[in-house]
Amino acid sequence: MRQALRTASFQLLPGLAILAGLFLLPLSYFFVVSFWQVRTFRLRPDATLEQYARVFTEYGSTLAWTLAIATLIATVTAAIAFAYAHYCRFRAGRFGDGLIFLSLVTLFGGYLAKIYMWKTILGGTGALNSALMALGLTSGPIPALLFSPFAVIVTLTHYCLPLAILPVYGALRGLDDTAIEAARDLGASGPRIFRDLILAQARGGLTAAFALTLVITAADYVTPLMVGGPSSNMIGLFIQSQFGNRLNSPLGSAMAFVTIACCGLIVLTLSLTLRALTRPRT
Amino acid sequence: MAPLVELVGVGKGYGSATAVHPLSLRIGEGEFVSILGPSGCGKTTLLRMIGGFVTPDEGSILIDGRDVTRKPPEKRATNMVFQGYGLFPHMTVAQNVAYGLRIARVARTERARRVAEALDLIRLADLGDRAVSALSGGQRQRVALARALVMRPRVLLLDEPLSALDLKLRLAMQEEFRRIHAQVGGTFIFVTHDQAEAMSLASRICVMEAGRIVQDGTPEDIYRRPASRFVAGFIGEANLFEGVGSDERVRLSCGTVIPGAGAEGPIVCVVRPEAVTLAADPAALPDQCDARLFATVEDVVFLGPEVRTTLRTDSGAQALALSRTAGPLRPGDRVTMGWATADQQVIAA
Ligand SMILES: Nc1ncnc2c1ncn2[C@@H]1O[C@H](COP(=O)(O)OP(=O)(O)OP(=O)(O)O)[C@@H](O)[C@H]1O
Ligand SMILES: [Mg+2]
Chain A
1 MRQALRTASF
11 QLLPGLAILA
21 GLFLLPLSYF
31 FVVSFWQVRT
41 FRLRPDATLE
51 QYARVFTEYG
61 STLAWTLAIA
71 TLIATVTAAI
81 AFAYAHYCRF
91 RAGRFGDGLI
101 FLSLVTLFGG
111 YLAKIYMWKT
121 ILGGTGALNS
131 ALMALGLTSG
141 PIPALLFSPF
151 AVIVTLTHYC
161 LPLAILPVYG
171 ALRGLDDTAI
181 EAARDLGASG
191 PRIFRDLILA
201 QARGGLTAAF
211 ALTLVITAAD
221 YVTPLMVGGP
231 SSNMIGLFIQ
241 SQFGNRLNSP
251 LGSAMAFVTI
261 ACCGLIVLTL
271 SLTLRALTRP
281 RT
Chain B
1 MAPLVELVGV
11 GKGYGSATAV
21 HPLSLRIGEG
31 EFVSILGPSG
41 CGKTTLLRMI
51 GGFVTPDEGS
61 ILIDGRDVTR
71 KPPEKRATNM
81 VFQGYGLFPH
91 MTVAQNVAYG
101 LRIARVARTE
111 RARRVAEALD
121 LIRLADLGDR
131 AVSALSGGQR
141 QRVALARALV
151 MRPRVLLLDE
161 PLSALDLKLR
171 LAMQEEFRRI
181 HAQVGGTFIF
191 VTHDQAEAMS
201 LASRICVMEA
211 GRIVQDGTPE
221 DIYRRPASRF
231 VAGFIGEANL
241 FEGVGSDERV
251 RLSCGTVIPG
261 AGAEGPIVCV
271 VRPEAVTLAA
281 DPAALPDQCD
291 ARLFATVEDV
301 VFLGPEVRTT
311 LRTDSGAQAL
321 ALSRTAGPLR
331 PGDRVTMGWA
341 TADQQVIAA
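Protein chains in written order, with the UniProt record's numbering: chain A, 1 to 282; chain B, 1 to 349.
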């Protein structure tokens, strides 16, 4: 037993080394820094919670706004991703894998290309406004289409969608068709099968899709800058400026860690809710 | 008595290919019927039509006198044990078994009692809390069976439930199936491509060939009086001698004429290997062997309880004889094969 344990830990070593080197070490550095201070433009080691206090007093509403919008985007994205992956898995037959690949191809355009694409579509002289005016539905361009939270939501949802589809599709592919037939045979209706079998087993994939979108969105500062209006400032912009022209990495680190912690809590809530919803019973 | 399951002219095709030709079948309460046939002959399609997973192109299906042809599986008094089991991998054994009862809103205490009873029946009473992923193949098979049986279906459909198991486990499970059928009653329709399994389990066998039921009878019937060359060759081992029949006699292709009532014109004479007696000297054959044939011994294999002798008749046909003792025969020996015409079956070819 002890021997087995020792071998197991030995085999884990390379993985742990990568984890530590690439993720834990840099993160812990900034975690330590978040308790430091900046005095006269110099970083001073300290053990103060001052930066954390400032996050909540000065940036509390920005943080709340960011988390709200990120949660909205993650929910919409995960829902669309689930619908698309569900279609590919259960309705598209042998075209399923091809459709998934197609959705991934859109990633090749890159991040900025997607942003500019939406700028062109949503702008005052953009495709959408022109179409609306041509159809006589509006008399002039709707300015709120671009430079608004709406534009941020649309752009980020579109960007994250392929990334969110992957884990959901992975989970759905693992489902056993015979098990679904067996459930029908035992009297289960469509919605019942959806909850008891499909959602219950794709729970992890769905949570992963949500979490991925949530962290990408909550940390993003390019999209709000490019397509968001003055009202859609998100925390990423402020974190970036603390590390940049404000030269206050302790505050920036504290903001980042509070954001990460909040995202973690949101994901945990979703995960526990899904688990409770789909828990098998005797 | 009205049959429990009745198929009337039920057929199904996929595109231009016919999987099941229109056929009719009546199965009574409490029967243990086996649908037997080679791979691709339409057994699964037939079973899935009874279960409601495949809608027939034509004909109707009645269960207990009610037409269920268009009813989905969840609305039928049938339950199915699938070839791949289809267990719910994220549930424990007990949760798997309880699933159908939960759907049917059976009260908690009653549910617990019936699940315990079902687990007891399949001898897995101690494994209720085990994850199904931690079960062996045979145990999974039994959970799939319990999950269907706990619903107390009027008709239990089984699609090659034992095909994934090794021989020893398969034999043990066959015994379990017999015990369970005797214990719970109900009608079992059991699909298999293994003739030995069908013979040992069922009281009635429907042999299928290319989408048709070509013979329907007791195991003994089918073994002793095969209706066609296909059935004779598929069920057990058989010597098939070709010939021409006329006037209560049969002229085999090697020229020998033997007594044999049956068809006129081209025929096949079916003789089971254990009915054949071999002798170097024709005079040594017992009197009841009124049909005789010359052959050359090709191989003699001692199998323990029996000896398998392969032969070639003078017309070049392969033949086989099973006997208790080897005698002094060796490959190359000229022998006479003898059998009683009462043991042979003459079928129009
Ligand atoms: N969904 C389908 N689409 C097209 N053809 C099918 C489909 N299902 C079955 N078939 C065809 O119908 C015929 C009968 O199939 P079926 O599955 O009933 O055979 P089976 O007797 O159960 O075979 P096996 O012993 O291999 O399970 C086969 O030729 C098969 O290729
Ligand atoms: Mg089959």
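Don't be surprised by glycine CBs; every beta carbon is placed ideally from N, CA and C.
Contact under 8 Å by Cβ, residue i with residue j
| i | j | result |
| --- | --- | --- |
| B/L320 | B/L293 | no |
| A/P162 | A/G228 | no |
| B/F32 | B/S163 | no |
| A/R281 | B/Q83 | no |
| A/V154 | A/A85 | no |
| B/G327 | B/R272 | no |
| B/G245 | B/A232 | no |
| B/G255 | B/T341 | no |
| B/A118 | B/V150 | yes |
| B/E248 | B/G37 | no |
| B/I347 | B/P226 | yes |
| B/D221 | B/V191 | no |
| B/I267 | B/A317 | no |
| B/F291 | B/I258 | One point to set straight first is that residue 291 of chain B is Ala, not Phe, in the sequence displayed. Yes. Within cutoff. |
| B/I103 | A/L186 | yes |
| B/V54 | B/V97 | no |
Option nearest residue i by Cα separation, candidates the options
| i | options | result |
| --- | --- | --- |
| B/V81 | B/T277, B/D343, B/R330 and B/A146 | B/A146 |
| B/A275 | B/N239, B/G265, B/D281 and B/C254 | B/N239 |
| A/D188 | B/I27, B/D129 and B/E74 | Residue identity check: residue 188 of chain A is Ala in the sequence provided, not Asp. Taking only the C-alpha atoms, the option nearest A/A188 is B/E74. |
| B/R312 | B/P259, B/P328, B/G332 and B/I347 | B/G332 |
| B/L165 | B/G265, B/G137, B/P38 and B/G185 | B/G137 |
| A/F101 | A/R89, A/T157 and A/F243 | A/R89 |
| B/G72 | B/P56, B/L87, B/G86 and B/Y99 | The question names Gly, but residue 72 of chain B in the sequence shown is Pro. For the residues B/P56, B/L87, B/G86 and B/Y99, the minimum Cα distance to B/P72 belongs to B/P56. |
| A/L43 | A/T273, A/V76, A/R246 and A/S271 | A/R246 |
| B/S133 | B/E160, B/L124, B/G100 and B/M91 | B/M91 |
| B/G217 | B/S16, B/R324 and B/S34 | B/S34 |
| B/Y14 | B/G40, B/P153, B/K168 and B/G30 | B/G40 |
Rounded straight-line distance, which links the Cα of residue j to that of residue i
| i | j | result |
| --- | --- | --- |
| B/A182 | B/F188 | 11 Å |
| B/R18 | B/G304 | Rather than Arg, the amino acid found at residue 18 of chain B in this sequence is Thr. Taking the straight line joining both Cα atoms gives about 45 Å. |
| A/Y29 | A/S241 | 19 Å |
| B/A64 | B/K43 | Correcting the residue type first, residue 64 of chain B is Asp in the shown sequence and not Ala. One C-alpha to the other measures close to 22 Å. |
| A/L122 | A/Y221 | 19 Å |
| B/V68 | B/L62 | 6 Å |
| A/G60 | A/F257 | 14 Å |
| B/T296 | A/A182 | 55 Å |
| A/V33 | A/D46 | 8 Å |
| B/V250 | B/E298 | 26 Å |
| B/G186 | A/Y87 | 40 Å |
| B/R308 | B/D343 | 19 Å |
| B/S200 | B/H21 | 27 Å |
| B/L135 | B/N79 | 22 Å |
| B/P3 | B/A125 | 35 Å |
| A/K119 | A/T40 | 41 Å |
| A/T125 | A/L112 | 20 Å |
| B/G52 | B/V93 | 26 Å |
Beta bridge counterpart(s) of residue i as assigned by DSSP
| i | result |
| --- | --- |
| residue 375 of chain B | Only positions 1 to 349 of chain B appear in the structure, and residue 375 of chain B is not among them; the question remains open. |
| B/P259 | B/R249 |
| B/R334 | B/T296 |
| B/K12 | B/V20 |
| B/I347 | B/V268 |
| A/I239 | For A/I239, which the question treats as bridged, DSSP gives no partner whatsoever. |
| B/R113 | DSSP, once it has assigned bridges, lists no residue as partnering B/R113. |
| B/D216 | B/C206 |
| residue 370 of chain B | With chain B covering only 1 through 349, there is no way to say anything about residue 370 of chain B. |
| A/T62 | DSSP lists no partner for A/T62. |
| B/S60 | B/V8 |
| B/T309 | B/V300 and B/A321 |
Chain D contact residues for residue i, given Cβ-Cβ distances below 8 Å
| i | result |
| --- | --- |
| B/H193 | No chain D is present in this structure, whose protein chains are A and B. |
Are the segment 190 to 197 of chain B and the segment 9 to 26 of chain B in contact at 8 Å, needing three or more beta carbon pairs?
-> no
Could you say if the segment 104 to 121 of chain B and the segment 198 to 208 of chain A meet the contact criterion of at least three C-beta pairs nearer than 8 Å?
-> no
Evaluate contact between the segment 141 to 155 of chain A and the segment 173 to 190 of chain A, counting only Cβ atoms and requiring at least three cross-stretch pairs below 8 Å.
-> no
Any contact of the segment 63 to 72 of chain A with the segment 249 to 267 of chain A, i.e. 3+ C-beta pairs under 8 Å?
-> yes
Kindly confirm or deny that the segment 131 to 140 of chain A and the segment 203 to 211 of chain A touch, where touching means at least three C-beta pairs closer than 8 Å.
-> no
Three or more beta-carbon pairs under 8 Å between the segment 160 to 180 of chain B and the segment 202 to 217 of chain B, yes or no?
-> no
Using 8 Å as the Cβ pair cut-off and three pairs as the minimum, do the segment 96 to 112 of chain A and the segment 252 to 262 of chain A touch?
-> no
Okay, do the segment 234 to 249 of chain A and the segment 212 to 220 of chain A touch, 3+ Cβ pairs below 8 Å being the bar?
-> yes
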